[in-house]
Amino acid sequence: MAKPSLAARCESIVSIVNSSSKSKIVFPRKYHVEEDEDGSRLLLFEKYNDEVVRYASKQALVSDILSLQENAKGFDFTHSQAKDVANYVIARKSPLKEKPEMLKFKSETGLCFNRVPFDPDFDDTKCQLFLEMLSRTSNGHALAAFVGSLLVPHSDKEQYIWLYGDGMNGKGTLIRFLMKVLGNCYASEEVPEKGQRFWTHGLLGKRLVAFTDCKSTEFQSEGRFRALTGNDAIRIEHKGGGVYNKTLDAKFMFLSNEMPILEDNKADLRRAIFCEIGPIKEVTKGYEEMLWQEAPYIIGHCITAYSKYSPGKIPVDETSFDDVMAVDADSMQAIFDRNFYFVDGQQNDHSKKFLTGSELQHALIYGAMMKRKTERSKFLNFLRKKYLCKSKTFRWKNQVLRGYIGLSSKQFVFDRTGNNFNKVFRVLSNEENADVQ
């Protein structure tokens, strides 16, 4: 008997993928196709009778196609043929009429990316631990509303939250609580380096993306972060797959022990919710488990909190911006006092009292003060505002230089002779620092 043609076997695979009958050959996973506005077809799978879906790589379908060879006759494919069959299946399978919801509660039916293991309860008297946490958190009402917005489809995505404070305050407990509530829709990430073109693929099907140890807001001021938190489709690329555009549902949370370093940009600041969380007044054994017992009531409280502002933005106390900026200015002054000095009135003494732009960059980077370009730019703004110290062009030993007159480094001296100009020469000891001053 002749072996069926590849086209016939492709049709058979499509039939198997579309089938939900237990009497027929079935895959261990049930596949769906989601079609985006631009015509891109994305593959999803669920376990049978699970109704919880995940975005799948084409390789998952290829593996299931190859597994048929072990369970049924007439499905002998090479790996290359299996890839072709997978492409055929994705192209031929009817797309879902309705896209899966991001989250559904326990009693709700239908496809979703994660099913919350309970239904919300709106009795505020039964979430006392959470209310105590909010009472020692600045912008606590906004924190509650932000958590509630995660459970509301199509809530505003432009705002993000930054939670900071010393240890023993419940930040880690809160993030683990959200992990349990959101399940597959939660992701913990590190701020991506530029050029990581596959990074956005990991955000598909995520509702909350948390950066659990973030020290700078450089990423938040970039255009790519604004695109992530907007309503425009962004570029998605994954290894071994195609490139397509898709609007994400992810919202973002940043956590740190210290106040963030901010850009003085009011437009960026208005997208942020800054929450400083104070220490727990009385540490209780089993605190995390006790908080989880309140889960239905906490989520009910947070949904109610967000409903006051939906679908608009969550209001915040903007004096929190000023507080963070003031502390940031203090930190700039501390960095300056520790590493530099400025001598006003000796600005014509170019023999010692100046730093070129390159030397200042060396001092900031190699002195382990500021590795990030945004932070260094902020420090230069501080110099201009506080000390009226601007980069100028001047002559020095028959050379035309550009630098900061009157500014010197306490930590570094520079070899300004011959070919070694602007290179770090040596680090001074404390005793030598005293002599230089």
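Number 193 in the working numbering belongs to position 189 of the sequence shown; there are no gaps in the numbering.
For glycine and all other residues, C-beta sits at the position ideal for the given N, C-alpha and C.
Exercise. So what does Q403 bridge to, in DSSP terms?
Worked result: Residue numbering aside, residue 403 sits at position 399 when the sequence shown is read from its first letter. In DSSP, Q403 forms a bridge with W400.
Exercise. Quick one, are the C-beta atoms of A60 and L48 less than 8 Å apart?
Worked result: The residue labelled residue 60 in the question sits at position 56 within the sequence shown. The residue labelled residue 48 in the question sits at position 44 within the sequence shown. The answer is yes: Cβ separation under 8 Å.
Exercise. Should L186 be labelled buried (16 or more other beta-carbon atoms within 10 Å of its own) or exposed?
Worked result: One-based indexing of the sequence shown puts residue 186 at position 182. Label assigned to L186: buried.
Exercise. Whole beta strand (DSSP E) runs in the stretch 132 to 177 with 3 or more residues, listed along the chain?
Worked result: 164 to 168
Problem set entry | Pick from V213, L207, E262, S260 that is closest to A237, judged by C-alpha positions | As a position in the sequence shown, residue 237 is number 233, starting the count at 1. For the residues V213, L207, E262, S260, the minimum Cα distance to A237 belongs to L207.
Problem set entry | Proximal residues to N22 (C-beta, below 6 Å), its chain only, five neighbours per side dropped | Residue mapping note: residue 22 aligns to position 18 of the sequence shown, counting from 1. The answer is none, since no qualifying residue turns up.
Problem set entry | Contact check, Y345 vs R275, beta carbons under 8 Å | By 1-based counting over the sequence shown, the position of residue 345 is 341. By 1-based counting over the sequence shown, the position of residue 275 is 271. Not a contact, by the Cβ cut-off of 8 Å.
Exercise. With 16 as the cutoff for other CB atoms within 10 Å, does C14 come out buried or exposed?
Worked result: Stepping through the sequence shown from its first residue, residue 14 is reached at position 10. Classification of C14: buried, given that the 10 Å Cβ count is 16 or more.
Exercise. So what's Y313 in DSSP terms, helix, strand or just coil?
Worked result: The residue labelled residue 313 in the question sits at position 309 within the sequence shown. Correct three-state label for Y313: coil.
For this session: Inspect the beta-carbon positions of K255 and L138 and report whether they are closer than 8 Å.
Result: Taking the first residue of the sequence shown as position 1, residue 255 is located at position 251. Taking the first residue of the sequence shown as position 1, residue 138 is located at position 134. No, the Cβ-Cβ distance between K255 and L138 is not below 8 Å.
Exercise. Once you ignore the five residues that flank V320 on each side, which residues in its own chain have a CB closer than 7 Å to its CB?
Worked result: The residue given as residue 320 occupies position 316 in the sequence shown. Within the same chain, V320 has close Cβ partners N143, A146, I277.
Problem set entry | Local Cβ density within 10 Å of V247, reported as buried at 16 or more and exposed below that | Counting from one through the sequence shown, the residue named residue 247 turns up at place 243. With fewer than 16 other Cβ atoms within 10 Å, it is exposed.
Problem set entry | T113 classed as buried or exposed, judged by whether at least 16 other C-beta atoms fall within 10 angstroms | Here residue 113 refers to the residue found at position 109 of the sequence shown. Looking at its Cβ environment, which holds fewer than 16 other Cβ atoms inside 10 Å, T113 is exposed.
Problem set entry | Cutoff 8 Å: N53 Cβ touching any chain D Cβ | No chain D is present in this structure, which holds just one protein chain.
Exercise. Would you call E363 buried or exposed, if buried means 16 or more other Cβ atoms sit within 10 Å of its Cβ?
Worked result: For the purposes of this step, residue 363 is taken as the residue at position 359 of the sequence shown. Buried, by the Cβ-count rule.
For this session: Reducing DSSP to helix, strand and coil, say where H354 ends up.
Result: The residue labelled residue 354 in the question sits at position 350 within the sequence shown. With a pLDDT of only 45 at H354, under the threshold of 50, the placement of this residue in the model should not be trusted, and no figure is reported.
Exercise. Which one or two residues does DSSP pair with M191 in a beta bridge?
Worked result: Here residue 191 is taken as the residue at index 187 of the sequence shown, counted from 1. Residue 191 is actually Ala in this sequence, not Met. In DSSP, A191 forms a bridge with V213.
Problem set entry | Chain-order list of residues whose beta-carbon lies under 6 Å from that of F223 (same chain, five-residue window excluded) | The residue you call residue 223 lines up with position 219 of the sequence shown. V195, F229.
For this session: Examine the Cβ distances between the stretch 50 to 66 and the stretch 117 to 128 and report whether three or more of them are shorter than 8 Å.
Result: yes
Exercise. From R399, W400, L182, L384, pick the residue whose C-alpha is nearest to that of C393; which is it?
Worked result: To locate residue 393, count along the sequence shown from 1; it is residue 389. Residue L384 is the option with its Cα nearest to C393.
Exercise. From P8 to R201, what distance separates their C-alpha atoms?
Worked result: Looking up residue 8 in the sequence shown gives position 4. Looking up residue 201 in the sequence shown gives position 197. Approximately 41 Å, taken between the alpha carbons.
For this session: Would you check if there are 3 or more beta carbon pairs closer than 8 Å linking the stretch 170 to 189 to the stretch 94 to 102?
Result: no
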